[in-house]
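Enquirer: Just so we're aligned: the sequence shown equals residues 11 to 913 in the working numbering.
Quick one: this structure, given as structure tokens, is what I'll be asking you about.
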Amino acid sequence: MFGSLARALFGTANERSLKAFQRRVPEINALEPQMQALSDDALRARTDDFRARIAAGEAPSKILPEAFAVCREASRRVLGMRHFDVQLVGGMVLDAGKIAEMRTGEGKTLVATLAAYFSALQGKGVHVVTVNDYLARRDAEEMGRLYGFLSLKTGVIVSNMSDEERREAYAADVTYGTNNEFGFDYLRDNMKYGLSEMVQRPFYHAIVDEVDSILIDEARTPLIISGPTDDTSELYRAVDAVVAELVKTAQHYEKDEKARSVILTEQGADAVEDALRDAGVLSDGGLYDLQNVAVTHHVQQSLRAYTLYQRDVEYIVRDGKVVIIDEFTGRMMDGRRYSDGLHQALEAKERVDIEPENQTLASITFQNYFRLYPKLSGMTGTAMTEADEFAEIYKLDVVEIPTNVPVARVDTDDEIYITAREKFDAVADLISKVAATRQPVLVGTTSIEKSEHLSALLKKRGVPHQVLNARFHEMESQIVAQAGASGSITIATNMAGRGTDIKLGGNVEMLIKQQIAATEDENERAAREADLRAKVAEDHERVKSLGGLFVIGTERHESRRIDNQLRGRSGRQGDPGCSRFFLSLEDDLMRIYGGEKMGSLWKKLGMKEGEAIVHPWLNKALERAQKKVEARNFDLRKNILKYDDVMNDQRKEVYQHRREYMAMEDVSSVIEEMRAHAIEDAVAARIPDKSFPEQWESADLETDLHQLLALDVPVQNWAQEDGVDRDVVSARVEELATQTAAARAANIGPALMRSIEKQALLTTFDSVWKEHLHALDQIREGIGLRAYGQRDPLNEYKHEAFNLFSNMLDELRYRTTSTLSRIEILSPREAEAFAETRQDVFGAQMTFAHDEVIGVDGNVVPRTDKDPSPEILSFNAMEETPRNAPCPCGSGKKFKHCHGRLA
């Protein structure tokens, strides 16, 4: 009661936020006559004036009204579009680092130009993030004309660009690109070996289009750069043959669709064991014995592939490859692969070539990537339903911007049927009925499979239509642009974030590009363009009189936002429109969350086939169910983020140190400090504190130090001396190692030695970080089991991750010291002989042998060694050596006690 009273007296939080922004609109409008009176050159010169004022210390907030007025006038002159007052409000919301919720057709792309122009005046670069390459190119091209008029440079980042092209695009004032490209460039930059090779500048302001899709829907999947591991394709095929037979019997497994999980029953496990033994895959022990853990993992992933992942729903097979389908946008996700062997299981299931499993080299979630920006804002048509998540995860407030013209769309109540067959028949009947009037229809489906099923029904009825899904991805913009034309019927899989306006009567600009772009004769071109515009204008009025765009939803999504995005395609800028959703008790949402009880109840009430139930109460009940699912999904994403935050703290630390090393001309002081730590650790491991010399493991220490430093250290002789303790031994070893390193540097040459040290440090850093990520992945997979021991898995993970990170730093110091203790240089003849040496997964060209480390980056000087052909060993060879095998370096020790030593 008090809440209602407070809202009545003071307005809602959204209304109060809006008033604060709306107060500045009259100030901007008052400047319009002044801006209109300026010449193009004078208007353009205001950009340099603003920059000079900001550089002189004037508060940017004082400049904002003038900057917005300049941008609006430039847009009117260049693009023929003048920002509405509500668009000015949207621009201020973006500049304030908030999310602007604006309905479809309200011109979000144009709104972004206000905030992007104003932020670009700071000279730090603005990133405008879109959902696909097409929109990035389109917006950069169209809005780039406006920025160019105002003396700003525009860049665009899309796939398959060179580093030089990317560097140039990031150097621009405003850079358009996709969330994936921005994120992967960040990861790739932190795998480079020189600051000059990096493409991105320090982050400043990111404006995210379709912010809910990018920051929430896609945030469940982290960005991962990976490298290949050993090929196990034959094992996947063998396991697949067993599981393909297994899933034919329901008693063999239990599936939980809510949790998206599946497990073998006892009967199923016995059947799998017998089948795998017959196939020669399982030789020793049972399925769950320790030595068969890899086989068990493959079985589990294959079981998931068969029971939880459907072709044409979660993925499609195209050109002999399994391609993931984005469940929220219906788009193909080329280049993205399921992790942990699931993608390989799907490839085995679909009988296509199995690509090797990958090992993580670098990863980051979208949550943690976008939180790197000091200033973050976004825009979408649907954000209010997820306002709590935006506030908690990103510290972003959502401001709902009113429409420029009141919405005239009519949203009717849902129709609910018992079976999916009845539902689709009813949808097809309605489409046929509406099609007869020539009113345009847009139909939303949740999967490719269902869109093609509905298409088949319409073909039987002789109803012409267009299908838009991942199979026809390339035709997306053309199909969507004409979805509002008279008589147009479009079936689209998930309309989220399509980015192309559906205009009643059709999109005249798109038609001009398609039909008369190639016409060379100016007179003919002008005549045909005038004719097209007249036809579209006539069709626009015809469609308005028919009731506008009719939107039909064939299923409710788990998220209300996706439903609202589909509805929002109709009724833009005050146009008439209508929307209706059709549901059945066999739909996923209804079936998983209570459909069986409702079905049995309705049958008892005597519902007949083909009858539908329509009632506002049902709509509210469905909305409550969607809210529960959204809350559950939020908890899942939040839980994932809690674990990733642990890794993120470590990632920041690693990347910061790595950049510092790259920025240093001379890392010898770092190397010396690492060597001192490594020596201290080695001595402490063999000489207990306050121990007597007879308690020392002197011989073992001599072996350890030879392995670490390639030096013969007389520890056993020192142990005979009076007054020698652990600290004295450490100091003597460190002094000896320092003298040897100085002599080596003098022999190789100080400049070249500095280069080698830097390269060795960065290469080793990358190697141990990669291994650390792999270890974290392994721990993360099973950490949840500790809950059975009444221990919090998250706290356990933090503890384990901290210990692993400490071990990683110890290993970094050990490996770097060991490597640099063996540095020598190949002669030109030897360098040529080893030119084909395999590269490390991070691209470094460094090889080494026991007591002899050879070559860096082609810098070659004569070597002093008499042996011209030492045994050569790559980092990759080291990584491929079993831990109990002899070390390839030739020391005679087991690998785990030599170069495979863990801290």
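Just so you know, even glycine gets a beta-carbon here, dropped at the ideal spot from N, CA and C.
None of these values were measured; they are calculated from a predicted model.
Quick one: complete beta strand (DSSP E) runs, 3+ long, within the segment 327-365?
Expert: 331-334
Enquirer: When you compare only the Cα positions, how much space is there between residue 512 and residue 546?
Expert: 13 Å
Enquirer: If I'm right that residue 317 touches residue 362 with Cβ under 8 Å, what's the distance once you round it to whole angstroms?
Expert: With a Cβ gap of about 19 Å, residue 317 and residue 362 do not count as contacting.
Enquirer: Counting only runs that start and end within the segment 21-73, where is the alpha helix (DSSP H) found for 4 or more residues in a row?
Expert: 23-32, 35-40, 42-46, 50-65
Enquirer: Just to confirm the assignment: which complete beta strand (DSSP E) runs, minimum length 3, are found wholly within the segment 166-196?
Expert: Counting whole runs of 3 or more residues, the segment 166-196 contains the beta strand (DSSP E) stretches 184-188.
Enquirer: Buried or exposed: where does residue 645 fall if 16 or more other Cβ atoms within 10 Å of its Cβ makes it buried?
Expert: exposed
Enquirer: Alpha carbon to alpha carbon, what distance is there between residue 740 and residue 761?
Expert: 29 Å
Enquirer: Who are the Cβ neighbours of residue 587 in its own chain at under 8 Å, not counting the five residues just before and after it?
Expert: Excluding positions up to five away in sequence, the list reads 418, 419, 420, 557, 558, 559, 560, 561, 580, 581.
Enquirer: Just to confirm, is the Cβ distance from residue 383 to residue 110 under 7 Å?
Expert: no
Enquirer: Using a threshold of 7 Å, state whether the C-beta atoms of residue 64 and residue 131 are closer than that.
Expert: yes
Enquirer: Under DSSP, the beta strand (DSSP E) around residue 419 begins and ends at which residues?
Expert: From DSSP, the beta strand (DSSP E) with residue 419 extends over 418-421.
Enquirer: Buried or exposed: residue 624, going by 16 or more other Cβ atoms within 10 Å of its Cβ?
Expert: exposed
Enquirer: Quick check: is the beta carbon of residue 804 nearer than 7 Å to any beta carbon in chain E?
Expert: Annotation note: the requested chain E is absent from the structure, which comprises a single protein chain.
Enquirer: Does DSSP classify residue 312 as helix, strand or coil?
Expert: Helix, per DSSP.
Enquirer: At a cut of 8 Å, does the segment 385-395 reach the segment 343-361 through at least three beta carbon pairs?
Expert: Segments in contact, no.
Enquirer: Whole beta strand (DSSP E) runs in the segment 205-269 with 3 or more residues, listed along the chain?
Expert: Complete beta strand (DSSP E) runs here, min 3: 215-219, 233-238, 263-266.
Enquirer: Specify the secondary structure class of residue 454 as computed by DSSP and reduced to three states.
Expert: It is a strand residue.
Enquirer: Would you list the residues sitting across from residue 274 in a DSSP beta bridge?
Expert: 263
Enquirer: Do you know how far the Cα of residue 43 is from the Cα of residue 122?
Expert: Whole-angstrom Cα-Cα distance: 23 Å.
Enquirer: Can you name the start and end residues of the alpha helix (DSSP H) that residue 96 belongs to?
Expert: 95-105
Enquirer: How do the segment 191-211 and the segment 147-154 stand: do at least 3 beta-carbon pairs fall below 8 Å, yes or no?
Expert: no
Enquirer: Could you give the DSSP three-state label for residue 678: helix, strand or coil?
Expert: helix
Enquirer: Quick check on DSSP: helix, strand or coil for residue 530?
Expert: coil
Enquirer: Does the Cβ of residue 447 have 16 or more other Cβ atoms within 10 Å, making it buried, or fewer, making it exposed?
Expert: Residue 447 is exposed by the Cβ-count criterion.
Enquirer: Quick one: what's residue 137 bridged to in DSSP?
Expert: Per DSSP, 185, 216.
Enquirer: Looking at C-alpha atoms only, which residue of 456, 577, 464 is the closest neighbour of residue 442?
Expert: Out of 456, 577, 464, 464 has the C-alpha closest to the C-alpha of residue 442.
Enquirer: Indicate whether residue 426 and residue 99 have their beta-carbon atoms separated by less than 7 Å.
Expert: no
Enquirer: Alpha carbon to alpha carbon, what distance is there between residue 182 and residue 143?
Expert: 18 Å
Enquirer: Among the residues of its own chain, which have a CB less than 8 Å from the CB of residue 822, if the five just before and after it don't count?
Expert: Cβ neighbours of residue 822 beyond the five flanking positions: 684, 774, 775, 778.
Enquirer: Starting from the Cα of residue 489, find the closest Cα among 459, 524, 471, 456 and give me that residue.
Expert: 524
Enquirer: Just the C-alpha distance for residue 431 and residue 597, rounded to the nearest angstrom, thanks.
Expert: 11 Å
Enquirer: Which one of 563, 714, 642 has the shortest CA to CA distance from residue 574?
Expert: The residue with the shortest Cα to Cα distance from residue 574 is 563.
Enquirer: Can you tell me the Cβ-Cβ gap for residue 678 and residue 764, rounded? I've got them flagged as a contact below 8 Å.
Expert: 7 Å
Enquirer: Once DSSP output is grouped into helix, strand and coil, what is the label at residue 661?
Expert: helix
Enquirer: Please classify residue 706 as buried or exposed, where buried requires at least 16 neighbouring CB atoms within 10 angstroms.
Expert: buried
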